[in-house]
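Structure, as structure tokens:
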Amino acid sequence: MADAASQVLLGSGLTILSQPLMYVKVLIQVGYEPLPPTIGRNIFGRQVCQLPGLFSYAQHIASIDGKRGLFTGLTPRLCSGVLGTVVHGKVVQHYQECDKVEESGPGNVQKEASSSFDRIIKETTREMMARSAATLITHPFHVITLRSMVQFIGRESKYCGLYDSIVTIYREEGILGFFAGLIPRLLGDIISLWLCNSLAYLVNTYALDSGVSTMSEMKSYSQAVTGFFASMLTYPFVLVSNLMAVNNCGLAGGSLPYSPIYTSWIDCWCMLQKEGNMSRGNSLFFRKVPFGKTYCCDLRMLI
955 MADAASQVLL
965 GSGLTILSQP
975 LMYVKVLIQV
985 GYEPLPPTIG
995 RNIFGRQVCQ
1005 LPGLFSYAQH
1015 IASIDGKRGL
1025 FTGLTPRLCS
1035 GVLGTVVHGK
1045 VVQHYQECDK
1055 VEESGPGNVQ
1065 KEASSSFDRI
1075 IKETTREMMA
1085 RSAATLITHP
1095 FHVITLRSMV
1105 QFIGRESKYC
1115 GLYDSIVTIY
1125 REEGILGFFA
1135 GLIPRLLGDI
1145 ISLWLCNSLA
1155 YLVNTYALDS
1165 GVSTMSEMKS
1175 YSQAVTGFFA
1185 SMLTYPFVLV
1195 SNLMAVNNCG
1205 LAGGSLPYSP
1215 IYTSWIDCWC
1225 MLQKEGNMSR
1235 GNSLFFRKVP
1245 FGKTYCCDLR
1255 MLI
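Written as structure tokens, this is what we have:
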């Protein structure tokens, strides 16, 4: 019980600290660029035309809504985090109790002789079920979080309070409105989890020497690296899910001219892929001007 409470407190703290970052990221994902490009230098020292990064974007939001405005959407996001942690813990606890029942029964010797690969498959499957259950339960709060952020674009006040947002979504879209963008989000989580655990297993089994004294540390590092790699590969699912959550919801940021009306998440995926915007919002510091966009950014001004 104490362990679950500490996880909730830690998760809530991280959520509060990362809220401004997520706010900026979501606005960039929907294509909102209120600031003009600037002249900067890339990692090779070459002059490039680049879009403002995280701090400039956050400063722009704070100049309009104040520093408190950077925490718009925090309440539903905290609800999502707390509820997700509880649901995930309950599912994991259920599987652990099932293991204890199996261990107390016959056939325990054969179970212990199972290969490490079978164990990885079993653990990953259980983690997938736990994460999927948490995502399914908390997605309505995720949708409210995104919409309360995106309404900054049109200066609307449609999704301000948690209760009012629930009533608005149910009245205008029904139950399905609470699960807008759920499918790509689930797919992204599942693919990322299996990629991460599979790559970590391959690295730990075939690339690392089991005789190294710091083997446990090396394996934890490999898990972190493969997790980062898997999240980068599955980022398009996150982008498509967020866009579908705000698509055609009655906000300026979810309709033209900021965003086209998508008929499905596959339509959204295909259109982003065609435009070359599948990584939009992935980087918050070194942001290149998207291909096909016309901005007034003349490098000769510095000569």
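According to my numbering, the sequence shown is numbered sequentially starting from 955.
The beta carbon of each residue, even a glycine, is placed where N, CA and C say it ideally should be.
Cα-Cα separation, Gln1064 to Leu1149 = Numbered from 1 along the sequence shown, position 110 holds the residue referred to as residue 1064. Numbered from 1 along the sequence shown, position 195 holds the residue referred to as residue 1149. Low confidence applies to Gln1064: its pLDDT is 46, below 50, so where it sits in the model is not reliable, and the reading given next is rough at best. Gln1064 and Leu1149 have their C-alpha atoms spaced approximately 28 Å apart.
Can you give the beta carbon distance from Cys1003 to Ile993, rounded, assuming they're within the 8 Å contact cut?
-> Start at 1 with the first residue of the sequence shown, and residue 1003 comes out as number 49. Start at 1 with the first residue of the sequence shown, and residue 993 comes out as number 39. Their Cβ separation, rounded to whole angstroms, is 6 Å, which keeps Cys1003 and Ile993 in contact under 8 Å.
Can you check DSSP and say which residues form a bridge with Gln1001?
-> Position 47 of the sequence shown, counting from 1, holds the residue named residue 1001. Answer by DSSP bridge pairing, in chain order: Arg995.
Going by C-alpha distance, which of Ala1084, Ile1107, Ile1123 is nearest Val1041?
-> Start at 1 with the first residue of the sequence shown, and residue 1041 comes out as number 87. If we check each option's Cα against that of Val1041, Ala1084 comes out closest.
6 Å CB neighbourhood of Ile1145 in its chain, flanking five on each side removed = Taking the first residue of the sequence shown as 1, we reach residue 1145 at position 191. These residues qualify, in order along the chain: Thr1188.
Looking only at DSSP bridge pairs, what is Arg1241 linked to?
-> Residue 1241 sits at position 287 when you count from the first residue of the sequence shown. In the DSSP assignment, Arg1241 forms a beta bridge with Leu1005.
Leu1130, buried or exposed, once every other Cβ within 10 Å from all chains shown has been counted against 16 | In the sequence shown, counting from the first residue as 1, residue 1130 sits at position 176. Leu1130 should be labelled exposed.
To the nearest angstrom, report how far apart Ser1111 and Ser1086 are at their CA atoms.
-> As a first step, residue 1111 is located in the sequence shown; it is residue number 157 there, counting from the start. As a first step, residue 1086 is located in the sequence shown; it is residue number 132 there, counting from the start. For Ser1111 and Ser1086, the distance between alpha carbons rounds to 31 Å.
Within 10 angstroms of its Cβ, does Arg1073 collect 16 or more other Cβ (buried), or is it exposed?
-> As a working note, residue 1073 is residue 119 in the sequence shown. Arg1073 is exposed by the Cβ-count criterion.
Go ahead and pull the three-state DSSP assignment for Ser1167.
-> Looking up residue 1167 in the sequence shown gives position 213. Residue confidence for Ser1167 is low, a pLDDT of 46 falling below 50, so the modelled location carries little weight; the figure read from the coordinates is stated next. Assignment of Ser1167 by DSSP, reduced to helix, strand and coil, places it in the coil class.
Out of curiosity, what's the CA-to-CA distance linking Tyr977 and Thr969?
-> The residue labelled residue 977 in the question sits at position 23 within the sequence shown. The residue labelled residue 969 in the question sits at position 15 within the sequence shown. Our two residues, Tyr977 and Thr969, have alpha carbons roughly 11 Å apart in a direct line.
Which residues mark the beginning and the end of the alpha helix (DSSP H) in which Val1121 is found?
-> Stepping through the sequence shown from its first residue, residue 1121 is reached at position 167. Residues 1116-1127.
Starting from the N-terminal side, write out each stretch of the alpha helix (DSSP H) that is 4 residues or longer and does not extend beyond the stretch 1013-1081.
-> Correct list: 1028-1057, 1062-1066.
Label Pro1006 either buried or exposed according to how many other C-beta atoms from any shown protein chain fall within 10 Å of its C-beta, with 16 as the threshold for buried.
-> Start at 1 with the first residue of the sequence shown, and residue 1006 comes out as number 52. So Pro1006 counts as buried.
Residues near Thr1122 in its chain [Cβ-Cβ closer than 7 Å; skip 5 each side] | Taking the first residue of the sequence shown as 1, we reach residue 1122 at position 168. So the qualifying residues of the chain are Lys1112, Tyr1113.
What separation, rounded to the nearest whole angstrom, lies between the Cα atoms of Lys1054 and Phe1071?
-> The residue given as residue 1054 occupies position 100 in the sequence shown. The residue given as residue 1071 occupies position 117 in the sequence shown. Those two C-alpha atoms are separated by around 21 Å.
Local conformation of Lys979 per DSSP, three classes = The residue you call residue 979 lines up with position 25 of the sequence shown. Lys979: helix per DSSP, three-state reduction.
Among Ile1120, Gly1108, Gly1038, nearest to Thr1092 - alpha-carbon criterion | The residue you call residue 1092 lines up with position 138 of the sequence shown. A check of alpha carbon separations from Thr1092 across Ile1120, Gly1108, Gly1038 identifies Gly1038 as the nearest.
Can you check whether the CB of Ile1107 is closer than 8 Å to the CB of Tyr1212?
-> On the sequence shown, position 258 is the one that residue 1212 refers to. On the sequence shown, position 153 is the one that residue 1107 refers to. Yes. Within cutoff.
Out of curiosity, what's the CA-to-CA distance linking Ile1220 and Val980?
-> In the sequence shown, counting from the first residue as 1, residue 1220 sits at position 266. In the sequence shown, counting from the first residue as 1, residue 980 sits at position 26. In a straight line, the C-alpha of Ile1220 is about 20 Å away from that of Val980.
For my contact list, Leu1008 and Leu1238 are in at a C-beta cut-off of 8 Å; report their separation, rounded to the angstrom.
-> Start at 1 with the first residue of the sequence shown, and residue 1008 comes out as number 54. Start at 1 with the first residue of the sequence shown, and residue 1238 comes out as number 284. Rounded to the nearest angstrom, the Cβ distance from Leu1008 to Leu1238 is 4 Å, consistent with a contact under 8 Å.
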